[in-house]
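Input: a single structure, listed below in structure tokens.
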RNA sequence: ACAACAGUUCGUUCUGUCGCUGGCAAAGACGCCGCAUGCGGCGUCUCCACCAGAGGAAAGUCGGGACAACACAGAGCACCAUGCUUCCUAACGGGAAGGAUCCCGGGAUAUAAAGGCCCGGGAGACAGAAAGUGCCACAGAAAAUGACUACCUCCGGGAAAAGAUGCACCCCGGUGCAUCACCCCGGCAGGAAAAGGUGAAAACGCGGUGUAAGAGACCACGGUCCGGCCGGGUGAUCGGCCGGAGGGGUAAACCUCAUGGGUUGAAAGACCAAGUAUACCGGCUGUUAAGGGUUGCUCGCCCGAUGCCGGAGGGUAGGUCGCUAAAGCCUGCCGGCGACGGCAGGCUCAGAUAAAUGACAGAAUUAAACAAAAUCCUGCUUACAGAACUGUUGUUUCU
RNA sequence: GGCCCCAUAGCUCAACUGAAUAGAGUAGCUGACUACGGAUCAGCAGGUUGGGGGUUUGAAUCCCUCUGGGGUCA
């Protein structure tokens, strides 16, 4: 099981980010807000994701970096759950995870909540693919 | 040894597993080219290893630059900034050393007081108020050509018991009249700035002479300011002598003087690729031009037929460079009180572009403070657990 | 990343080039009016002028610095 998090797995295109936030679907998972949309990509990876911590809640760059790195770490270690549900379906997805909590949370809690929202995304993907 | 203050330096480390960004070269895949047909070259991608990977403040964006574009010919006005001296620096509103002023503490001398002198510590945007304008509430006579009270002179009036002088009468000490002094009231009069409750601030301080009353009007002592000469110092300035002045404060009020500043900032800018609309509406002009050109204005300057300007709208939002070898860092020596500079040797130390330093476990002391590069450098300011060193002061113990 | 602006009573705003009690509307409290409430009338309270420092006799105002908030630039 690969645990990498390379550039192809991150959402970098300005154009796709604009499409995602204007036309994507949204749900909430306690400290996070998830925006997702099915989209065909130029890369073989099943999902492209971006992580964001808004400046409104965390004024200092150090705190934003800390939370975003914990989110990235949790996604990197658990993303195989999501990838397994996409194998063979041929669909691709773009997704944004925004931290909406107002205080800094430990890694263990972030890890548990990331697993929950990945399972929700798997359900949404199965609705489309049947 | 402990505590306080000041300054300087550092500001987590190691091991294992997984992961991120850049570099490097070996290997593999793909594409192109050359031919000697399975080898070479070039480009892109992947990738085992290996190497490097946030700060003293990276922050605030406060000051100054480098660099870039614009119109980097030029002139004037306006505007802005700075303001003791010398030095450091690429430059600065930064820094070093010094000077004067002010404040605090102590001491000596002297005494009417203020002040000055010596020692120690501290502070500040520290040019000019003697070029001009404005302002200085309330209180107070008055806040800057000072005159309200009180004072003096002059003028007018009043009062009269007592005073002085002169004249007259009675007749030998009295009476009457006039004038003066004293007293009171008044004045579009003058003098004076000494006393006066106020105020943040009151027209050099104090003592005398002087005068109608007074006053730096004059004198002694002291203090402030200006100019000249002599001496010390690169200079600010200090000391001495001579002459003069008497002038409230405020320039982080306008202002004056001196010095400096063109404007805009890497979303600057250069190149490549892709794509769209040479469409629509309104306005303007014919070469001695309309109009335009990231300077506040005027002049000047430049562009100006593939017409220009404005409105509304359409397209793109990818890549390369700028982008890190620099006013660079470390060590040693030399010069300088110091900031700093010079010489020699060595080193190469993030370069991302939705944006990289993390997670977990263990150990050292245990959980480690403040806090994240975005073109770069330099200073300032602000935040900050802990550690080390140096100096000063105080207390205690030992010799 | 650069540039610019703002902060005054619980709320919305004044106070012009410094002048001594910082003012108005609304909200609040008390009383009057009313059978009760609203409206109205009278009165009261409410401010470290975002924090700190400086200039000045005197600062909401002028200067410096910090904090918080907002705008703008391909």
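Numbering (my numbering), first residue to last: 140 to 269. Ideal placement from N, C-alpha and C gives every residue a C-beta, glycine not left out.
Cβ shell of residue i (< 7 Å), same chain only, five flanking positions each side left out
{"i": "residue 159", "result": "174, 176, 233, 235"}
{"i": "residue 140", "result": "Here residue 140 scores only 47 on pLDDT, less than 50, and its place in the model is too uncertain to base an answer on."}
{"i": "residue 171", "result": "236, 237, 238, 239, 252, 256"}
{"i": "residue 202", "result": "243"}
{"i": "residue 266", "result": "none"}
Same chain, Cβ closer than 6 Å to residue i, five either side skipped, listed in chain order
{"i": "residue 220", "result": "257"}
{"i": "residue 222", "result": "185"}
Own chain, CB closer than 8 Å to residue i, minus 5 neighbours either side, in chain order
{"i": "residue 228", "result": "264, 268"}
{"i": "residue 150", "result": "156, 159, 187, 188, 189, 233, 234, 235"}
Top-ranked residue by Cα proximity to residue i, from the options
{"i": "residue 261", "options": "238, 247, 251, 225", "result": "225"}
{"i": "residue 147", "options": "183, 161, 212", "result": "183"}
{"i": "residue 239", "options": "162, 145, 196", "result": "196"}
{"i": "residue 216", "options": "201, 241, 199, 246", "result": "246"}
{"i": "residue 163", "options": "242, 178, 152", "result": "178"}
{"i": "residue 211", "options": "191, 202, 230", "result": "191"}
{"i": "residue 204", "options": "144, 172, 170, 243", "result": "243"}
{"i": "residue 231", "options": "171, 170, 180, 144", "result": "180"}
{"i": "residue 198", "options": "241, 144, 153", "result": "241"}
{"i": "residue 145", "options": "214, 172, 161", "result": "214"}
Presumed contact (8 Å Cβ cut-off) between residue i and residue j, rounded CB distance
{"i": "residue 168", "j": "residue 252", "result": "6 Å"}
{"i": "residue 193", "j": "residue 165", "result": "About 15 Å separates the two Cβ atoms, so there is no contact after all."}
{"i": "residue 254", "j": "residue 209", "result": "With a Cβ gap of about 14 Å, residue 254 and residue 209 do not count as contacting."}
Residue range of the alpha helix (DSSP H) that includes residue i
{"i": "residue 168", "result": "No alpha helix (DSSP H) holds residue 168; the beta strand (DSSP E) holding it covers 164-168."}
{"i": "residue 253", "result": "246-268"}
{"i": "residue 243", "result": "Premise fails: residue 243 is in no alpha helix (DSSP H) and is neither H nor E."}
Exposed unless 16 or more other CB atoms sit within 10 angstroms - verdict on residue i
{"i": "residue 206", "result": "buried"}
{"i": "residue 200", "result": "exposed"}
Bounding residues of the beta strand (DSSP E) (the contiguous stretch that carries residue i)
{"i": "residue 187", "result": "186-191"}
{"i": "residue 172", "result": "171-177"}
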